[in-house]
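Novice: In the working numbering, the protein residues as written are 1 to 293. Beta carbons are placed, not taken as given, at the ideal position from N, Cα and C, and that holds for glycine.
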């Protein structure tokens, strides 16, 4: 099944421009977000053909993230079952981008193919216990450095990811090793974070300024959350909670928004942010596409 992401690099919002963008308060919600409303996934919509057709040679699907430009508008997910060093190099040479998970097996084992093969061969009865065991191995900084160097040796952009709790530790290690893009990703990510046990939040503004790499953050599905994240200086935003083929967030937790609606709402936030600041933040719709149409 498809496990990638599609950057939205054109205006997709149908909302009217904000009348007073200079005084727009990120605490406010658009009227449509204050009531129950229909929401749509990819299976619910289709693109209406317009009044003009285009020669295939004139179609440009390329997109940019920071100073990097990519010919293929897909990102391979930062999942151990999707991206390793070889796949990252292969997709990069074709003009795409693959993100390596720095909290996965690639940075825990010298030879990650061995535990991956063990997992693939395991029966349903033992695979959960096996995965819990193999992921108990510690994340090694030297392996983070090695994986980044291996991807860079393939002549492609090196993109790596970590969760917010590990980003401050792994981000500088990856950057020093030559990583080009850093992704901070969790099921739901917001600028604000509350904890009664003293767990410190990840300050995205400070993190983006200090890392000096394009930082992509996700995931979110709402206008206000997207706008607040863009205010921190991120270079890209991942949109989607629960639409992916391997994701069960909506079933287990009951949270999320159908993917087309989530993408439109976050793209509307991007347009508001662009109108106010002049800075354009690419939107990556993360998961939910199972067919080409």
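Around the Cβ of residue 49, are there at least 16 other Cβ atoms within 10 angstroms (buried) or fewer (exposed)?
Specialist: Position 49 of the chain shown, counted from the start, is the residue given in the question as residue 49. That one is exposed.
Novice: Could you tell me whether any non-hydrogen atom of the ligand MG is closer than 6 Å to the CB of residue 103?
Specialist: Within the structure as shown, the ligand MG is missing, as the structure has no ligands at all.
Novice: What residue range is occupied by the uninterrupted alpha helix (DSSP H) comprising residue 69?
Specialist: Counting from one through the chain shown, the residue named residue 69 turns up at place 69. Residue 69 -> not in any alpha helix (DSSP H); beta strand (DSSP E) instead, spanning 68-70.
Novice: Just mark residue 268 as buried or exposed, buried being the case when its beta carbon has 16 or more other beta carbons within 10 Å.
Specialist: Along the chain shown, read from residue 1 onward, the residue named residue 268 stands at position 268. Buried is the call here.
Novice: If we ignore side chains and look at the alpha-carbon of each, how far apart do residue 228 and residue 190 end up?
Specialist: Along the chain shown, read from residue 1 onward, the residue named residue 228 stands at position 228. Along the chain shown, read from residue 1 onward, the residue named residue 190 stands at position 190. Each residue's alpha carbon lies about 8 Å from the other.
Novice: Residue ranges of each beta strand (DSSP E) run of no fewer than 3 residues wholly in the stretch 121-205, ordered along the chain?
Specialist: Entirely contained in the stretch 121-205, the beta strand (DSSP E) runs reaching 3 residues are, in chain order, 159-162 and 181-185.
Novice: Would you check if there are 3 or more beta carbon pairs closer than 8 Å linking the stretch 210-218 to the stretch 236-249?
Specialist: In short, these stretches touch, since the Cβ pair count reaches three.
Novice: Starting from residue 220 and walking both ways along the beta strand (DSSP E), at which residues does that stretch end?
Specialist: For the purposes of this step, residue 220 is taken as residue 220 along the chain shown, with counting starting at 1. That run of the beta strand (DSSP E) goes 215-220.
Novice: Who are the Cβ neighbours of residue 243 in its own chain at under 6 Å, not counting the five residues just before and after it?
Specialist: The residue given as residue 243 occupies position 243 in the chain shown. These residues qualify, in order along the chain: 259, 287 and 288.
Novice: Cα separation between residue 62 and residue 122?
Specialist: As a first step, residue 62 is located in the chain shown; it is residue number 62 there, counting from the start. As a first step, residue 122 is located in the chain shown; it is residue number 122 there, counting from the start. Distance between the alpha carbons of residue 62 and residue 122 is about 40 Å.
Novice: Roughly how many angstroms separate the alpha carbons of residue 262 and residue 36, rounded to a whole number?
Specialist: Reading the chain shown from its first residue, position 262 is the one you call residue 262. Reading the chain shown from its first residue, position 36 is the one you call residue 36. One C-alpha to the other measures close to 14 Å.
Novice: For the beta strand (DSSP E) containing residue 64, list its first residue and its last residue.
Specialist: What you label residue 64 is simply residue 64 of the chain shown in a count that begins at 1. Note, residue 64: beta strand (DSSP E), 63-65.
Novice: My output table needs one value for residue 227: the three-state DSSP class, helix, strand or coil.
Specialist: Numbered from 1 along the chain shown, position 227 holds the residue referred to as residue 227. The answer is helix: DSSP assigns residue 227 an H, G or I state.
Novice: Residue 180 to residue 111, Cα distance in whole Å?
Specialist: Locating residue 180 in the chain shown gives position 180, counting from the first residue. Locating residue 111 in the chain shown gives position 111, counting from the first residue. One C-alpha to the other measures close to 24 Å.
Novice: Between residue 150 and residue 161, what straight-line distance do the alpha-carbon atoms span, to the nearest angstrom?
Specialist: Taking the first residue of the chain shown as position 1, residue 150 is located at position 150. Taking the first residue of the chain shown as position 1, residue 161 is located at position 161. Rounded to the nearest angstrom, the two C-alpha atoms are 16 Å apart.
Novice: Leaving out five residues on either side along the sequence, give the residues of the same chain with a beta carbon under 7 Å from the beta carbon of residue 137.
Specialist: By 1-based counting over the chain shown, the position of residue 137 is 137. 108 and 109, listed in sequence order.
Novice: So, under 8 Å CB-CB, residue 177 and residue 144 are touching, yes? Tell me the CB distance rounded to an integer number of Å.
Specialist: Here residue 177 corresponds to residue number 177 of the chain shown, with the count starting at 1. Here residue 144 corresponds to residue number 144 of the chain shown, with the count starting at 1. Rounded, the Cβ-Cβ distance is 7 Å, consistent with contact.
Novice: Using DSSP with H/G/I as helix, E/B as strand and the rest coil, what is residue 115?
Specialist: In the chain shown, the residue the question calls residue 115 occupies position 115. Residue state, collapsed to three classes: helix.
Novice: If you draw a straight line from the alpha carbon of residue 201 to that of residue 103, how long is it in whole angstroms?
Specialist: Against the chain shown, residue 201 aligns to sequence position 201. Against the chain shown, residue 103 aligns to sequence position 103. When rounded, the distance between both Cα atoms is 19 Å.
Novice: Is the separation between the beta-carbon of residue 98 and that of residue 88 shorter than 7 Å?
Specialist: Here residue 98 corresponds to residue number 98 of the chain shown, with the count starting at 1. Here residue 88 corresponds to residue number 88 of the chain shown, with the count starting at 1. In contact: residue 98 and residue 88 (Cβ atoms closer than 7 Å).
Novice: For the candidate residues 46, 85 and 184, whose alpha-carbon lies nearest to that of residue 147?
Specialist: Translated into positions along the chain shown, residue 147 becomes position 147. Of 46, 85 and 184, the residue nearest in Cα terms is 85.
Novice: Less than 8 Å between the CB atoms is what I'm expecting for residue 208 and residue 266, so what's the real figure, rounded?
Specialist: Translated into the one-based positions of the chain shown, residue 208 becomes position 208. Translated into the one-based positions of the chain shown, residue 266 becomes position 266. Not a contact, Cβ separation roughly 18 Å.
Novice: Hey, residue 282 and residue 91: beta-carbon distance below 7 Å or not?
Specialist: The residue labelled residue 282 in the question sits at position 282 within the chain shown. The residue labelled residue 91 in the question sits at position 91 within the chain shown. Not a contact, by the Cβ cut-off of 7 Å.
Novice: Using the Cβ count rule (16 or more neighbours within 10 Å means buried), how would you classify residue 291?
Specialist: What you label residue 291 is simply residue 291 of the chain shown in a count that begins at 1. Per the 10 Å Cβ criterion, exposed.
Novice: Any idea if residue 100 is buried or exposed, counting beta-carbon neighbours within 10 angstroms, 16 or more meaning buried?
Specialist: As a first step, residue 100 must be located in the chain shown, where it is residue number 100. Looking at its Cβ environment, which holds 16 or more other Cβ atoms inside 10 Å, residue 100 is buried.
Novice: Once DSSP output is grouped into helix, strand and coil, what is the label at residue 39?
Specialist: Walking along the chain shown from the start, residue 39 turns up at place 39. Coil, per DSSP.
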